[in-house]
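First the structure, in the form of structure tokens, and then the observations on it.
Number of protein chains: 2
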Amino acid sequence: MDTYEEITVKRDTLFKGRIVSLHVDEVKLPNGKMSTREIVEHPGAVAIIAITDQDKMIMVEQYRKPLERSLVEIPAGKLEKGENPLTCAKRELGEETGYTCESMELLTSFYTSPGFSDELLHVYLAKGLKKESELHLDEDEFVDLLEVSYEEAQQFMKEQKILDAKTIYAVQYWQLARTMESKV
Amino acid sequence: MDTYEEITVKRDTLFKGRIVSLHVDEVKLPNGKMSTREIVEHPGAVAIIAITDQDKMIMVEQYRKPLERSLVEIPAGKLEKGENPLTCAKRELGEETGYTCESMELLTSFYTSPGFSDELLHVYLAKGLKKESELHLDEDEFVDLLEVSYEEAQQFMKEQKILDAKTIYAVQYWQLARTMESKV
């Protein structure tokens, strides 16, 4: 149902950056009135749920400038131009954690904030993890690697050290998987 | 652990809009090198998980200009300046769906995209729902109200009609609640 489609009358591109671009669209609404829409264009990203044989989820702690604080998150990274999400997920897992995996399964994809941004995040489940090497971070990337038990993850959520959509999804996924298992 | 703090040397504010503002910060990295951070400032938002006595989740279908398509989502809206999130959640539930509720419980809060935005989303669970009135939408807001069964929600996810973080969290929450119940 796209009957409420908003017709673009004019687009002003106010910024083209390394990561995001900003557009302000003048739109014609279904009732014929005009309005504006502020749109943040993003290349899209991947995130990886990786649980070791010791039942620890691999996470990274890093400083997030928009929040002026650090968060504990699952490994993630943005897509390079034209990059396949699966390729990106394997690359980011290696670069941020030093782990490789035997298989990666797409669990879900979601728009992080469809009201103002087109960022689409693909969440993969990595299986058959092997610690291969040291991290290979981008030169402006500083992260601490953590291996987090289920109980620690719950505690990090209480303490709001885990406080972002993809990681809260990942911990909820973990809880669901454990609940299913315990039913069997 | 904020040892990786990035010191702001200079902030350029390139845009101040109705919904978002855009800043480009020049930052000093932990290794002393300089970099830039593109930051989208957002007032924050709320979303409401509302399940009726008939075990249907209340959702809205609306056109999302950044995606140039419509999505099926749980009711949500952004915070007015200085607005309390709980007040906002009750207001948005009424405005977007015409329902009131006896109680609202904060389930979780999460940053939708901490890499480039400070948007914090608060997710509430509404209980004791009553259909009170017609919708009172903003004049540039056009939504269709849906009451979605669990099976329909799963189908909408397969069809990618449900494709945003808060709604996928909500359906996962529903799945977890049903799994827990069925265990008892």
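Chains as they are written, first to last, in our numbering: chain A, 1 to 184; chain B, 1001 to 1184. Ideal placement from N, C-alpha and C gives every residue a C-beta, glycine not left out.
Looking at the DSSP output, Arg91 of chain A sits in no beta bridge, so it has no partner there. A residue is called buried when at least 16 other Cβ atoms come within 10 angstroms of its Cβ; Pro30 of chain A does not meet this threshold and is exposed. Neighbourhood of Leu1176 of chain B in chain A, by CB distance below 8 angstroms: Gln172, Gln175, Leu176, Thr179, in chain order. By DSSP's assignment, Phe1015 of chain B forms a beta bridge with B:Leu1022. In this structure, Ala47 of chain A lies near Ala76 of chain A, with their beta-carbon atoms less than 8 angstroms apart.
When Cβ-Cβ separations below 8 angstroms define contact, Glu6 of chain A makes contact with chain B. For the region 1116-1136 of chain B, the residues whose beta carbon sits under 7 angstroms from a beta carbon of chain A are, in order, Phe1116, Ser1117, Asp1118, Glu1119. Here Asp1012 of chain B is exposed. Its C-beta has fewer than 16 other C-beta atoms within 10 Å.
Listed along chain B are Tyr1111, Pro1114, Gly1115, each with a C-beta nearer than 8 angstroms to that of Arg64 of chain A. Ranking A:Lys16, A:His23, A:Ala45, A:Ile19 by CA distance to the CA of Leu120 of chain A puts A:Ala45 first.
Restricting attention to B:Tyr1150, B:Asp1164, B:Leu1163, B:Ile1162, the CA atom closest to the CA of Gln1175 of chain B is found in B:Tyr1150. The beta-carbon of Leu1022 of chain B is placed less than 8 angstroms from the nearest beta-carbon of chain A. Annotation: the region 45-131 of chain A contains the following complete segments of the alpha helix (DSSP H) (minimum length 4 residues), in chain order: 85-97.
Measuring C-alpha to C-alpha distances from Arg1037 of chain B to each of A:Glu80, A:Met57, A:Pro66 identifies A:Pro66 as the nearest.
Secondary structure of Glu1181 of chain B (DSSP, three-state): helix. With respect to Val1060 of chain B, His1042 of chain B sits apart: the two C-beta atoms are not nearer than 8 angstroms. Residues of the region 149-172 of chain A whose Cβ lies closer than 7 angstroms to any Cβ of chain B, in chain order: Leu163, Asp164, Ala165, Ile168, Tyr169, Gln172.
Per DSSP, Glu1151 of chain B is one residue of the alpha helix (DSSP H) stretching across 1150-1158.
Buried is the label assigned to Glu1006 of chain B, since at least 16 other Cβ atoms lie within 10 Å of its Cβ.
Annotation for Val1009 of chain B: Glu1026, Lys1028 place their beta carbon closer than 6 angstroms to its own, counting only its chain and skipping 5 residues before and after. The continuous beta strand (DSSP E) containing Thr1036 of chain B extends over residues 1034-1041. Cβ-Cβ separation between Glu1096 of chain B and Leu1137 of chain B: approximately 7 angstroms, consistent with a contact (criterion under 8 angstroms). Lys28 of chain A sits in a strand when the DSSP states are folded into three classes. Taking CB atoms only, Asp1025 of chain B has a neighbour in chain A less than 8 angstroms away. Identification of chain A residues near Asp1012 of chain B by a Cβ-Cβ cut-off of 8 angstroms yields none; the smallest Cβ-Cβ distance measures about 10 angstroms.
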